[in-house]
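Below is one structure, written out as structure tokens; the observations come after it.
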Amino acid sequence: GAGVSQTPSNKVTEKGKYVELRCDPISGHTALYWYRQSLGQGPEFLIYFQGTGAADDSGLPNDRFFAVRPEGSVSTLKIQRTERGDSAVYLCASSSMGQSTGELFFGEGSRLTVL
Amino acid sequence: GENVEQHPSTLSVQEGDSAVIKCTYSDSASNYFPWYKQELGKGPQLIIDIRSNVGEKKDQRIAVTLNKTAKHFSLHITETQPEDSAVYFCARASGGSYIPTFGRGTSLIVHP
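Sequence lines, in order, name chains V and U.
Per the numbering used here, the very first residue in the first sequence carries number 50; after that it's consecutive.
Per the numbering used here, the very first residue in the second sequence carries number 275; after that it's consecutive.
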């Protein structure tokens, strides 16, 4: 079956612009995670959804970052007034609650470059 | 805090040798320890995991050991092959939400 799909795969924008990144999780997966990965670093947690609600948003760096999952499936990460420091690969992952492992299934990421 | 320290940052081995990557953590509530492999341009993929009630787990050429008292865990890859070349991340999680905190990664290079 299809894995986690993220669009766009690459996004180049100018400082101060607004950006939306989309994640389409594996069908039936109720849990959805957003991570940010800078070059040479491990993924850094941003936000976790269980169904439609953000169960943990403690990783969002500031109020320029916001994420939604209105119907409990597709999620959008929104970044306002982008800064050069926001440049990174934004990874989305999903998992199925109730499975025997805590395995997260990651997409290939959206590479954001802020000029 | 919840940080995970991972060493080494780069590991270069000859094909057929073993590779060992080590991680330490500080949060005593950690009870789940996954390892992910990330190939260039791809998202991380789970290769093995271990829970706090188990000391060792093996899956073919890979094994993970956990020492809860010392708060460290390790990944062992035997008989390495060039296709094992990738970045490996250890992680830890606690509670029921399985939100992993990742280490900084180890770039494993296996020379043919």
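The C-beta atom is built at its ideal place from N, Cα and C for all residues, glycine as well.
Three-state secondary structure (DSSP) of residue i
i	result
P356 of chain U	helix
G377 of chain U	coil
R113 of chain V	coil
D323 of chain U	strand
D135 of chain V	helix
A80 of chain V	strand
S300 of chain U	coil
Q334 of chain U	coil
Y372 of chain U	coil
V123 of chain V	coil
K60 of chain V	strand
I75 of chain V	coil
Closer than 9 Å to chain V by CB, residue i
i	result
L320 of chain U	yes
K331 of chain U	no
I295 of chain U	no
T298 of chain U	no
P374 of chain U	yes
D323 of chain U	yes
Q280 of chain U	yes
K316 of chain U	yes
F363 of chain U	yes
R335 of chain U	no
A367 of chain U	yes
G290 of chain U	no
Any chain U beta carbon closer than 9 Å to residue i
i	result
Q151 of chain V	Per the sequence presented here, residue 151 of chain V reads as Gly, with Gln not at that position. So yes, G151 of chain V belongs to the interface.
E69 of chain V	no
G77 of chain V	no
S143 of chain V	no
E63 of chain V	no
Inter-residue Cα distance where the pair is residue i and residue j
i	j	result
G156 of chain V	V294 of chain U	27 Å
G100 of chain V	P386 of chain U	46 Å
T375 of chain U	E279 of chain U	10 Å
L95 of chain V	Q334 of chain U	34 Å
G275 of chain U	S300 of chain U	Note that G275 of chain U scores a pLDDT of 44, beneath 50, so its modelled location is shaky and nothing firm can be said.
G317 of chain U	K311 of chain U	9 Å
V117 of chain V	P308 of chain U	27 Å
T298 of chain U	M146 of chain V	27 Å
T131 of chain V	V328 of chain U	45 Å
L349 of chain U	S302 of chain U	20 Å
F98 of chain V	L81 of chain V	5 Å
V361 of chain U	F347 of chain U	17 Å
A137 of chain V	S87 of chain V	5 Å
D323 of chain U	Y306 of chain U	7 Å
P57 of chain V	G158 of chain V	8 Å
K342 of chain U	P92 of chain V	24 Å
Residue-chain proximity (residue i, chain C), Cβ-Cβ < 9 Å
i	result
V53 of chain V	No chain C appears in the structure shown, which is made up of the protein chains V and U.
**Against chain U: residues of the stretch 111-140 of chain V by CB proximity under 8 Å** = L140
**Item:** Interfacial residues, the stretch 89-105 of chain V to chain U, with Cβ spacing under 9 Å
**Value:** G89, Q90, G91, P92, E93, F94, Y97, Q99, A104 and D105
**Asked** Can you find at least 3 beta carbon pairs, one from the stretch 58-74 of chain V and one from the stretch 281-289 of chain U, that sit closer than 8 Å?
**Response** no
**Request:** Take every Cβ of the stretch 121-131 of chain V, pair it with every Cβ of the stretch 51-68 of chain V, and state whether three or more of those distances are shorter than 8 Å.
**Result:** yes
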